[in-house]
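S.K.:
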Amino acid sequence: MKKPVVRFAPSPTGPLHMGGVRTALYNYLFARQQGGTLILRIEDTDQNRFVPGAEEYIIDALNWCGITFDEGVHLGGERGPYRQSERSDIYRKYVELLIEKGEAYYAFDTEEELNAMRERLEKAGSHTRTYNFETRKQMNNSLTLSPEEVKARLDAGDPYVVRIKIPENVEVKFYDEVRKEVVVNSNEVDDKVLLKSDGLPTYHLANIVDDHLMDVTHVIRGEEWLPSAPLHVLLYRAFGWENTMPKWVHLPLLLKPDPGAIMKNKGLRREMTDKLTDEFMQKHSEEVSEDMRSKVHSFVQNVLSNPSGFTQQLKENEKDPGFLKLAKNFLHGAFYGKLSKRDGDRLGFPVFPADWIDPKTGAKSAGYREAGYMPHAFLNALALLGWNPGNDEEIMNMDRLIELFSLDRISHSGARFDQDKMKWFNQSYIRNSSDEALLPLVKAELQKAELATHDDSLLLQVIALLKERVSFLPEFAEMAGMFFGDPQTFDQNMVEKRWKPESKDYLQDLHARWDALPEWKSQPLHDAFEALVAEREINSGQVLAPLRLALTGIPNGPGVFDIAEVIGKEASLRRISTAVAKLG
RNA sequence: GCCCCGUUCGUCUAGCGGUUAGGACUCCAGAUUUUCAUUCUGGCAACAGGGGUUCGAUUCCCCUACGGGGUACCA
């Protein structure tokens, strides 16, 4: 079999989100497994939505993930250029080809005329409201105008678009690797614009021409494209390329998390109430006046505080005043459906692989990288949202994913994102990483927190003690403080509960016993402690808790004897003395 | 409105005509660690509804309901 060629083709309209990363990942896994080629193509045919820095961001983020390409905008290659804005001449040529073949036509309709047409159809109760085999007869295009007039208009430089001429009433059948056979009547497909009046192609045209020219064998993309797949099939047909048409693979969508799971977090709930109220007031500033704000706020608050009846509360009621209808709609949109770029900011979890700073507003959106995720944990979790290996394996590194991935195990329905599960993956990856592998990552975190990082052997010991109790990389820095400096404060609650009048005596005794020890290791330290407890006939907790308090100042962390070993004799004894002096 | 896709525990999913419907996350209980976390053991929890087809349907077909996507000179 021929080696497959696949591509990931984002548009630089902002940062890539998780769904995009997953699409890139599936393309990558497939290409690597099959020994095929993976191309990164940038689909920047919409000048209006271009966002500076987005392309660089996409490349950087994919790079962090470890998703590598064979050809692309950042690598070059034989099939380039890989940026669609640099391929205008190519598209023009192919559009002309279609016009010559009678498969496409010029259209001169203005926006107003198009709107009028849609309104007319809606009023008439028509099922479709599109430019199609029926309506094109009433519009200004090269099918209704005389050849002379068309020529005159073109020569005069009138703005025009080129539309595909969709054939009337044919069954468009195609095979999707995930959905199997899909059939759509061509009457449901409209005469989509292929070439815009700015001379640039639309997605549909550029996509088909590029995929054809770049020898793409499999189009692996999100399900949001499924409805336009018939158009794409018809385009291949119009060009006469149907025999080399790529295979279609439409991936199930990544959906917003279960609202109930988000609402568990009370702090987040309060924050979300404010945010959503603001967003709503802004969005509906025309319909809802500012003095309704408090009503909206309390409605939002009400809905969010009752996650179990969530869906019920958002059902519309005939008697609802206008603002309430809008609010219900708005909240529904905010909590259900496809995961969107805004969700990270309002639902309290990252949707982007890496932090993104909006070039216009300067606002920052959180990314998984900065949140302390290991890239492969992130990808592993993502891989399982819409695909599974068919056995009970869940933790799979990249090699294993490449080995097990298969198109026929992609699931059919959208997958709700679950932050808890994502966290669990990261935790597992940290736990299962060797101390050495973690070293550079932890070092980076410690540097950010301005903690000493020069002593690798110390760091390795610290990592060994902390990695079992950490879910995210930055937590290493948060917890490592005890290894780099004496406690400055003592947890008040623990002092009250566990520090007794006799604690001083016990710790002084322990201080003496430890001081006399020939070897400063966890086990002998523990033995000395046990001897003390036995001789004085007390409970170990009576000494252990004050000891932990003395060494770290906080109620939890790794085993006290391990901590003592790592921080060393001098620091340990000093901390005991200090605590005894301070707490009496 | 119209078109397309989908529907197994709260969530991600296994199942491809006969199963005590399996696993994972979350949650709960217990054990270990006299802290926290880890680990281990156990538990709660699902085939959307109605018709067919069949000796037998979670599994195949149809309808309904529900969910999702699309419906731009955006991708």
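Take any residue in the first sequence, count from 1 to its spot, add 1306: that is its number in our numbering. All C-beta atoms in this analysis are idealised placements derived from N, C-alpha and C, irrespective of residue type, glycine included. If you're wondering where the values come from, they're calculated on a predicted model, not measured in any experiment.
DSSP puts residue 1413 in a beta bridge; with which residues?
M.R.: Residue 1413 pairs with 1447, 1467.
S.K.: Give the DSSP-derived three-state secondary structure of residue 1345 in the structure shown.
M.R.: Residue 1345 falls in the strand class under three-state DSSP.
S.K.: Considering only C-alpha positions, which residue in the set 1433, 1454, 1413 is nearest to residue 1447?
M.R.: Among 1433, 1454, 1413, the Cα nearest to that of residue 1447 belongs to 1413.
S.K.: Going by beta carbon distance, what residues of the same chain come within less than 8 Å of residue 1360, once the five residues before and after it are set aside?
M.R.: 1318, 1319, 1320, 1321, listed in sequence order.
S.K.: Can you tell me where the beta strand (DSSP E) holding residue 1480 begins and where it ends?
M.R.: Element bounds for residue 1480: 1477-1482.
S.K.: Which of helix, strand or coil does DSSP assign to residue 1769?
M.R.: Residue state, collapsed to three classes: helix.
S.K.: Note down the Cα distance separating residue 1562 from residue 1612, rounded to an integer number of angstroms.
M.R.: Distance between the alpha carbons of residue 1562 and residue 1612: 18 Å.
S.K.: Label residue 1468 either buried or exposed according to how many other C-beta atoms from any shown protein chain fall within 10 Å of its C-beta, with 16 as the threshold for buried.
M.R.: So residue 1468 ends up on the buried side.
S.K.: Apply the 10 Å Cβ neighbour rule to residue 1753 and answer buried if 16 or more other Cβ atoms are within range, or exposed otherwise.
M.R.: So residue 1753 counts as exposed.
S.K.: What ranges does the alpha helix (DSSP H) occupy inside the region 1519-1594, keeping only unbroken runs of at least 4 residues that lie completely in it?
M.R.: List check, alpha helix (DSSP H) in window: 1535-1545, 1565-1569, 1572-1589.
S.K.: Just list the residues that DSSP pairs residue 1377 with in beta bridges.
M.R.: DSSP lists 1345 as partners of residue 1377.
S.K.: Please state whether the Cβ-Cβ distance between residue 1816 and residue 1796 is less than 9 Å.
M.R.: Contact: no.
S.K.: To the nearest angstrom, report how far apart residue 1876 and residue 1803 are at their CA atoms.
M.R.: Going from the Cα of residue 1876 to the Cα of residue 1803 covers about 28 Å.
S.K.: From this set, 1833, 1392, 1323, which residue's C-alpha is nearest residue 1368's C-alpha?
M.R.: Residue 1323 is the option with its Cα nearest to residue 1368.
S.K.: I'd like to confirm the pairing. Which residues does DSSP put opposite residue 1670 in its beta bridges?
M.R.: 1663.
S.K.: Once you ignore the five residues that flank residue 1415 on each side, which residues in its own chain have a CB closer than 6 Å to its CB?
M.R.: 1445, 1446, listed in sequence order.
S.K.: In whole angstroms, what separates the C-alpha of residue 1791 from that of residue 1531?
M.R.: Using only the alpha carbons, I get a separation of about 56 Å.
S.K.: Do you know how far the Cα of residue 1504 is from the Cα of residue 1480?
M.R.: Roughly 32 Å separates the two Cα atoms.
S.K.: If distances are taken between C-alpha atoms only, which option among 1552, 1516, 1770, 1888 comes closest to residue 1941?
M.R.: With the chain covering 1307 to 1890 only, the question about residue 1941 has no answer from this structure.
S.K.: Just to confirm, are residue 1690 and residue 1700 a CB contact at a threshold of 9 Å?
M.R.: Yes.
S.K.: Name the residue from 1733, 1825, 1859, 1829 whose alpha carbon lies nearest to the alpha carbon of residue 1786.
M.R.: The shortest Cα separation from residue 1786 among 1733, 1825, 1859, 1829 belongs to 1859.
S.K.: Alpha carbon to alpha carbon, how far is residue 1557 from residue 1734?
M.R.: So the alpha carbons of these two residues sit roughly 27 Å apart.
S.K.: Bridge partners of residue 1382, per DSSP?
M.R.: Paired residues: 1378.
S.K.: Are there three or more Cβ pairs, one per stretch, closer than 8 Å when the region 1390-1410 is compared with the region 1485-1501?
M.R.: Short answer: they touch.
S.K.: Name the DSSP beta bridge partners of residue 1644, please?
M.R.: Note: residue 1644 sits in a beta bridge opposite 1561.
S.K.: Locate the alpha helix (DSSP H) running through residue 1653, then write down its first and last residues.
M.R.: Taken as a continuous stretch (DSSP letters only), the alpha helix (DSSP H) holding residue 1653 covers 1649-1653.
S.K.: Specify the secondary structure class of residue 1819 as computed by DSSP and reduced to three states.
M.R.: Helix.
S.K.: Would you kindly work out how many angstroms separate the C-alpha atoms of residue 1769 and residue 1729, rounded to a whole number?
M.R.: Spanning the two alpha carbons is a distance of roughly 19 Å.
S.K.: Applying the criterion that 16 or more other CB atoms from any shown protein chain within 10 Å of the CB defines a buried residue, is residue 1402 buried or exposed?
M.R.: Its Cβ having fewer than 16 others within 10 Å, residue 1402 is exposed.
S.K.: Using the C-alpha atoms, what's the distance from residue 1519 back to residue 1765?
M.R.: Rounded to the nearest angstrom, the two C-alpha atoms are 53 Å apart.
S.K.: Identify whether residue 1491 lies in helix, strand or coil by the three-state DSSP scheme.
M.R.: Strand.
S.K.: Hey, which unbroken runs of the alpha helix (DSSP H) at 4 residues or more fall wholly within the region 1786-1837?
M.R.: Whole alpha helix (DSSP H) segments, 4+ residues: 1798-1804, 1809-1821.
S.K.: Would you decide whether residue 1721 is buried or exposed? Buried here means 16 or more other CB atoms lie within 10 Å of its CB.
M.R.: It is buried - the Cβ of residue 1721 has at least 16 other Cβ atoms within 10 Å.
S.K.: So, are the CB atoms of residue 1476 and residue 1482 less than 9 Å apart?
M.R.: No, Cβ-Cβ distance for residue 1476 and residue 1482 is not below 9 Å.
S.K.: Can you tell me the Cβ-Cβ gap for residue 1312 and residue 1524, rounded? I've got them flagged as a contact below 8 Å.
M.R.: Yes, they are in contact, since the Cβ atoms of residue 1312 and residue 1524 sit about 5 Å apart, within 8 Å.
S.K.: Rounding to the nearest angstrom, what Cα-Cα distance links residue 1384 and residue 1522 in this structure?
M.R.: Using only the alpha carbons, I get a separation of about 13 Å.
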